[in-house]
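Notes to accompany the following structure.
Residue numbers (the working numbering): 92 to 183.
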């Protein structure tokens, strides 16, 4: 049996009650142990936030973050900026 590295271990809470920090409620484990414990105690993975829509009208894709454009529109914007930069460089 191998001994895990101490800097990889995290403190895990047995019953997911952060206010109960008594020794019997705490144990050492790695990130996978902590995740499995959270799934076991909550009955599954908590759903993430609902994706926000892209700020471009009529675009069905989710935004990269709230108030932003989707990946497709962001790439288009980056292409336009690059084209403008090349045009400015050619004009110099």
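A virtual CB, placed ideally from N, CA and C, is assigned to each residue, including glycine.
Once you ignore the five residues that flank residue 154 on each side, which residues in its own chain have a CB closer than 8 Å to its CB?
Closer than 8 Å at Cβ, skipping near neighbours: 142, 143, 144, 145, 146, 160, 161.
Using only the alpha-carbon positions, how far apart do residue 180 and residue 168 sit?
In a straight line, the C-alpha of residue 180 is about 18 Å away from that of residue 168.
For residue 116, tell me which candidate among 172, 163, 102 has the shortest Cα-Cα distance.
It is 102 whose Cα lies nearest to the Cα of residue 116.
Between residue 170 and residue 152, what straight-line distance do the alpha-carbon atoms span, to the nearest angstrom?
Separation of residue 170 and residue 152 (C-alpha to C-alpha, rounded to the nearest whole angstrom) is 19 Å.
May I ask you to report which of helix, strand or coil DSSP gives residue 102?
Three-state result, residue 102: strand.
If I follow the unbroken beta strand (DSSP E) through residue 117, where does it start and stop?
Run containing residue 117: 117 to 120, per the beta strand (DSSP E) assignment.
Straight-line Cα distance separating residue 129 from residue 166
Distance between the alpha carbons of residue 166 and residue 129: 37 Å.
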